[in-house]
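Residue numbers (my numbering), protein chains in the order written: chain A, 92 to 199; chain B, 1400 to 1564.
For glycine and all other residues, C-beta sits at the position ideal for the given N, C-alpha and C.
Structure first, then comments.
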Amino acid sequence: MKVSELAQKAGLKAFNPIPDKEIQGVYISDMVSDIIGIREGNLLITLQTHKNLIAAANLVDVAAIVFSRAKSPAEDVVALATKAGIGLLGYEGDTWTLAKKLVELGIK
Amino acid sequence: MANVRGGYLVVEGCFHCRQRTSFFSEEPVPPIDDYREGDHFWTHLGDFQASKFDLKCETCGRDVALKDVMAVMLCLRCDPTCGAYKAGSDAGESKTWVYVALCSDTSHVAGTCVSDEGLRALNEYYNEGLRDPAKKIIVVPCRLRRSVDTCQGVVLADVGLTELY
């Protein structure tokens, strides 16, 4: 599934222009040091909205980042993500609810 | 990626010579005690949750131990005179991102830094799976940095997750 399709079906809010990448997997983590080991193409779900996260996500070429629990990134974070071609999305509910929704939509 | 372990990136400074050093601690609680080592008086400056790992070639199975890599940092291109900045400029591509591999000898007084073999492995690892053919990751050694004090890079470590306020 492409990121745009997921955003529409899951009701995700876009914080920046979303490059329409294919989602190859999902990774949930709130630790930057944990993220640097994942493979490319993952949809990253996190509560963290700081710049370090974008630096790590760019290194491992994520499909997009989803901030759960209505977290919003600061302007400089959005700017860095946009420059890196990383789509930032927001979800109102908690991470578990989003994870269940992703499974229901067929993302595994 | 192989031999992944969690721990803390611990940064210390000597108030006599103003050198910095860093190391990776796998202790449950990172050491914070000051101590004397020769002419140095090392003081704890900070610690951050981090991961350390080695790389293993999927083809030949050879391990590249990244013992001398303490952390990785994204270069924010703050100083055109800095070697890390120039490494990105030389590539001449807009989708080129420079990451700096940080060694333990932060001040580089001993003249050592991240090994060439480690740098090669890191560059191969982080470039091999990129889906955008125009995107490029360049990992450079921290000895290229002009100044540890003015560098504005983003270190890939977790700040404050284990602290209580």
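Worksheet item: Between which two residues does the beta strand (DSSP E) containing Asn1522/B stretch?
Response: Where Asn1522/B is concerned, there is no enclosing beta strand (DSSP E), although the alpha helix (DSSP H) it sits in stretches over Asp1515 to Glu1527.
Discussion item. Could you check whether the stretch 130-137 of chain A touches the stretch 114-121 of chain A, counting it as contact only if at least three pairs of C-beta atoms, one from each stretch, sit closer than 8 Å?
Written reply: Touching, per the Cβ criterion.
Worksheet item: What does Lys142/A reach in chain B if we use C-beta pairs closer than 7 Å?
Response: What Lys142/A touches in chain B: Val1553.
Fill in: Residue-chain proximity (Ile127/A, chain B), Cβ-Cβ < 8 Å
Put simply, the CB of Ile127/A is near chain B, with a gap under 8 Å to one of its CB atoms.
Worksheet entry | Interface residues of chain A facing Met1400/B [CB-CB closer than 8 Å] | Neighbours of Met1400/B on chain A, chain order: Gly128.
Worksheet item: What is the DSSP secondary structure of Arg1544/B, counted as helix, strand or coil?
Response: Of the three classes helix, strand and coil, the one that applies to Arg1544/B here is coil, per DSSP.
Worksheet item: Which one of Val1497/B, Val1471/B and Asn1402/B has the shortest CA to CA distance from Ala1483/B?
Response: Ranking the options by Cα distance to Ala1483/B, first place goes to Val1497/B.
Worksheet entry | Beta-carbon gap between Asp1467/B and Ser1514/B smaller than 8 Å | Going by beta carbons, Asp1467/B and Ser1514/B fall inside the 8 Å limit.
Fill in: Chain-ordered neighbours of Asp152/A on chain B, where CB pairs are closer than 8 Å
Simply Gly1528, Leu1529, Arg1530, Asp1531 and Lys1534.
Discussion item. Taking only three categories from DSSP, how would you classify Val94/A?
Written reply: DSSP, reduced to helix, strand and coil, places Val94/A within a helical segment of the structure shown.
Item to complete: Express the C-alpha separation of His1439/B and His1415/B in angstroms, rounding to a whole number.
Response: Their backbone Cα atoms lie some 7 Å apart in a straight line.
Worksheet item: Closest Cβ-Cβ distance between Val1403/B and chain A: below 8 Å?
Response: The beta carbon of Val1403/B sits closer than 8 Å to some beta carbon of chain A.
Fill in: Cα-Cα separation, Gly178/A to Gln1418/B
Going by C-alpha positions, Gly178/A is about 40 Å away from Gln1418/B.
Worksheet entry | Assigned exposure category for Leu97/A - 16 Cβ within 10 Å defines buried | It is buried - the Cβ of Leu97/A has at least 16 other Cβ atoms within 10 Å.
Practice prompt. Could you list which residues in chain A have their beta carbon closer than 7 Å to that of Phe1414/B, in chain order?
Written response: Near Phe1414/B there are no residues of chain A at all, since even the closest Cβ is about 28 Å away, more than 7 Å.
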